[in-house]
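Peer 1: For what it's worth, the UniProt record's numbering labels the leading residue of the sequence shown as 1, then goes sequentially. A virtual CB, placed ideally from N, CA and C, is assigned to each residue, including glycine. Handing you a structure now.
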Amino acid sequence: MITAKTPFAANSSEARPIAIRSSYPIIITSLEQNIWQELERKIAHSLERLCCQRLLDSTVLLLHKLITNLVKTMHRHAFQQAIEGDLGLNVASRNSVFNELLQNELVMHGDRNIEQFCKENNFQIMLTFPEEKDTLIQIEYPISCDDSAYLDNKLARAIGFVLSKQTHDKYSPGYSAARIVRNIAEHHLYQSQTGHSQLLTCAEESDKAQVIFSKLGYSIIVFSSAGDILAISPTILNNLKLEVSPVSAHTLAGIIPSHFYNDVLWGLALELQNGLFENYRTRIRLPHDDSLSILFNISGYRHHDMTIHTMWQIVSLDHKATDTLAEGSILNEARVHNITRNYVPQLVEQKAREIVRLGGNALPNEECQLAVLFCDIAGFTTYVENNEKEESVIHTLNLILGRITKAVKQHEGVIDKFMGDCVMALFKEPYKAVLAALDIHKHSHDFNSLRMRASKDLLLLRIGIHWGKVVIGNVGASGRLDWTTIGDVVNTAARLEKSCCPGAILISEELHEAIAQIDHTEISFSKRFYLKLKGKRNKQAVRYVQITSQPLLHDIFITRSRA
Numbered sequence: 001m002i003t004a005k006t007p008f009a010a011n012s013s014e015a016r017p018i019a020i021r022s023s024y025p026i027i028i029t030s031l032e033q034n035i036w037q038e039l040e041r042k043i044a045h046s047l048e049r050l051c052c053q054r055l056l057d058s059t060v061l062l063l064h065k066l067i068t069n070l071v072k073t074m075h076r077h078a079f080q081q082a083i084e085g086d087l088g089l090n091v092a093s094r095n096s097v098f099n100e101l102l103q104n105e106l107v108m109h110g111d112r113n114i115e116q117f118c119k120e121n122n123f124q125i126m127l128t129f130p131e132e133k134d135t136l137i138q139i140e141y142p143i144s145c146d147d148s149a150y151l152d153n154k155l156a157r158a159i160g161f162v163l164s165k166q167t168h169d170k171y172s173p174g175y176s177a178a179r180i181v182r183n184i185a186e187h188h189l190y191q192s193q194t195g196h197s198q199l200l201t202c203a204e205e206s207d208k209a210q211v212i213f214s215k216l217g218y219s220i221i222v223f224s225s226a227g228d229i230l231a232i233s234p235t236i237l238n239n240l241k242l243e244v245s246p247v248s249a250h251t252l253a254g255i256i257p258s259h260f261y262n263d264v265l266w267g268l269a270l271e272l273q274n275g276l277f278e279n280y281r282t283r284i285r286l287p288h289d290d291s292l293s294i295l296f297n298i299s300g301y302r303h304h305d306m307t308i309h310t311m312w313q314i315v316s317l318d319h320k321a322t323d324t325l326a327e328g329s330i331l332n333e334a335r336v337h338n339i340t341r342n343y344v345p346q347l348v349e350q351k352a353r354e355i356v357r358l359g360g361n362a363l364p365n366e367e368c369q370l371a372v373l374f375c376d377i378a379g380f381t382t383y384v385e386n387n388e389k390e391e392s393v394i395h396t397l398n399l400i401l402g403r404i405t406k407a408v409k410q411h412e413g414v415i416d417k418f419m420g421d422c423v424m425a426l427f428k429e430p431y432k433a434v435l436a437a438l439d440i441h442k443h444s445h446d447f448n449s450l451r452m453r454a455s456k457d458l459l460l461l462r463i464g465i466h467w468g469k470v471v472i473g474n475v476g477a478s479g480r481l482d483w484t485t486i487g488d489v490v491n492t493a494a495r496l497e498k499s500c501c502p503g504a505i506l507i508s509e510e511l512h513e514a515i516a517q518i519d520h521t522e523i524s525f526s527k528r529f530y531l532k533l534k535g536k537r538n539k540q541a542v543r544y545v546q547i548t549s550q551p552l553l554h555d556i557f558i559t560r561s562r563a
């Protein structure tokens, strides 16, 4: 664990990057900071100024790689100086030892200790967005990270950006800077050459299609309706390391999986209109090395003579990675996804899409400020025992949870998880968490009014909300992971919900302070009071919340809580 506080040699306490800025900068000391949404917003503004808004996704990807490289390098140097100060070890020349120490630190503590060291020693990455011609962003970073300040040249050139390193004497000691600027000359040259979009003639379209076909390594296989190979491209035989001869067609027919024949020749080609099918995937293992396989994407059609004409394209030759790619019809995969997607937490799917867009393949841990809302049905276990023969308990539960989910989504929250009759929801805006809670209780009031008329037991909801810094991260083992929110804020929100009176909303004083500046004449708050929560050393300051037009219930709730 890092404990050293020795300043970096290149950075004194005054060594803070200084420059004239058009707006407040984004300061980065850890990749787990929740800075990407704010960064994307500012990038979008800069791209709009540069008249190239359509480049947002590719530009975010470009910057994500650059910033990730800089932060990892900064952390590496920070860790080196920290352990040299703590342990008196010279690890600069012992790379393997240093790498092991760094890896152990990251496994045990993540990067929070390294981040704290960076903060204490003024070691940071600073992003600003000057309102200057052709400039997208300026990045200031410690000199020790200079070698990591580079762009993905292929992507940068493709979208017309270059990295321009700035002279050191303009910035504070120990810091360098670089700007990403628009390569206008090259961009306009391409535009002037093309002028406008070209409409291809049929002949030109056919010529280009043939070039694309040969460049991408497509292959043709024609099957009889019985599954015999009637014609074949030499290309696919080469890919599978088979001799290019008609005899090899028999070998290939034997190693094509049986599900392909069932699904395609006697399934899709017969069932679908005109026998057209697209994007069917099958994996073929190399006949001379069973440990290796190639995943193919296949499209085709059924000819009027009942032969099946198919076009094969290699999806991946990375044999280690292809095991994770789905086989079968992509249409079937879409159907599977439609069934399972509602079982995947919204937060995970939303974040996974963002990570894929940024070129990643795993969900990272991150810190951010969130409002955490817990809601459950008071006395639901007793209700189930008394009513499971009288009414559909699952239907009733789903009806209530459905209304809770709708209110959460309407106020831009996400459901983190369902736990029986309890819901955990997350909100970036604390005020919207309160609005969602009030909507939930309005639905509950309407629902219970109907139950009262039908002489059924009331199902009152309890809601607890807290606001503060949380950690969103991977919890579990490699075979079964939850990407969920953890920390004291989550625990406190859960305790508030348990301490709340049925039919009420209980919020922490921290949440009340976070929304105190917002005009909320339609919302009424009780006076502050204190509760002793389970597992908490100090009493928690709390308030009840309700719609102003409702009867003043909070005094009753406070009296009950104190009792």
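1) With DSSP collapsed to three states, give me the class of Ile-255.
2) Quick one: what does DSSP say Gln-138 is sitting in, helix, strand or coil?
3) Residue ranges of each alpha helix (DSSP H) run of no fewer than 4 residues wholly in the stretch 514-538, ordered along the chain?
4) Assuming contact is defined by CB atoms lying nearer than 7 Å, are Val-545 and Ile-507 in contact in what I supplied?
5) Might you give, ordered along the chain, the residues of its own chain that have their beta carbon closer than 6 Å to the beta carbon of Glu-412, omitting 5 neighbours on each side?
6) Of the residues Ser-219, Gln-81, Ile-400, which one's Cα is nearest the Cα of Phe-380?
7) Measuring alpha carbon to alpha carbon, tell me which of Asn-297, Asn-386, Leu-47, Ser-214 ends up nearest Ile-314.
8) Along the alpha helix (DSSP H) that carries Gln-116, what are the first and last residues, could you check?
9) For Cys-202, is the classification buried or exposed, using 16 other Cβ atoms within 10 angstroms of its Cβ as the cut-off for buried?
10) If you pair each beta-carbon of the stretch 95-111 with each one of the stretch 141-149, do three or more pairs fall below 8 Å?
11) Restricting to Cα atoms, I'd like to know which of Arg-49, Gly-160, Tyr-175 is closest to Thr-167.
12) What are the uninterrupted segments assigned as beta strand (DSSP E) that are 3 or more residues long and contained completely in the stretch 295-321, given in chain order?
13) Does the beta-carbon of Ala-454 have 16 or more other beta-carbons within 10 angstroms, so that it is buried, or is it exposed?
14) Go ahead and pull the three-state DSSP assignment for His-466.
15) Just the Cα atoms here: how many angstroms apart are Ala-407 and Asn-113?
16) So what's Tyr-175 in DSSP terms, helix, strand or just coil?
17) Can you list, in chain order, the residues of its chain whose CB lies under 8 Å from that of Lys-208, leaving out five sequence neighbours each side?
18) Measure the alpha-carbon distance for Ser-245 versus Ala-226 and round it to whole angstroms.
19) Does the beta-carbon of Thr-282 have 16 or more other beta-carbons within 10 angstroms, so that it is buried, or is it exposed?
20) Would a C-beta distance cut-off of 7 Å place Leu-286 and Lys-241 closer than the cut-off?
21) Can you round the beta-carbon distance between Ile-284 and Ser-293 to whole angstroms, since I take them to be within the 8 Å contact cut?
22) Can you give me the Cβ contacts of Ser-96 inside the same chain, cut-off strictly under 6 Å, excluding the 5 residues immediately before and after it?
23) Between Gln-369 and Gly-468, which are expected to be in contact by the criterion C-beta below 8 Å, what is the C-beta distance as a whole number of angstroms?
24) So Trp-483 and Leu-363 are supposed to be a Cβ contact under 8 Å. How far apart are they, rounded?
25) How big is the Cα-Cα spacing for Thr-485 and Gly-110?
26) Once you ignore the five residues that flank Ser-192 on each side, which residues in its own chain have a CB closer than 7 Å to its CB?
27) Once DSSP output is grouped into helix, strand and coil, what is the label at Phe-123?
28) Taking all protein chains shown into account, decide if His-64 is buried (16 or more other Cβ within 10 angstroms of its Cβ) or exposed.
29) For Thr-251 and Asn-361, what's the separation of their Cα atoms in angstroms?
30) Tell me whether Ile-35 sits in a helix, a strand or coil according to DSSP, three-state version.
31) Just tell me which of Asp-457, Ile-255, Pro-130 has its CA closest to the CA of Arg-49.
32) Tell me, which residues are paired with Phe-277 by DSSP?
33) Identify the continuous alpha helix (DSSP H) that holds Cys-202 and give its terminal residues.
34) Considering only C-alpha positions, which residue in the set Asn-474, His-309, Thr-59, Ile-35 is nearest to Asp-152?
35) Just the C-alpha distance for Phe-277 and Leu-237, rounded to the nearest angstrom, thanks.
36) State whether the stretch 487-501 contacts the stretch 515-534, with contact taken as three or more CB pairs (one from each stretch) at a distance under 8 Å.
Peer 2: The short version:
1) helix
2) strand
3) none
4) yes
5) Lys-432
6) Ile-400
7) Asn-297
8) 112-120
9) exposed
10) no
11) Tyr-175
12) 308-316
13) exposed
14) strand
15) 39 Å
16) strand
17) Leu-200
18) 22 Å
19) buried
20) yes
21) 6 Å
22) none
23) 7 Å
24) 5 Å
25) 16 Å
26) For Ser-192, the predicted structure reports a pLDDT of 46, less than 50, and the residue's modelled location is therefore unreliable. The matter cannot be settled from this model.
27) coil
28) buried
29) 37 Å
30) coil
31) Pro-130
32) Gly-300
33) 202-215
34) Thr-59
35) 23 Å
36) yes
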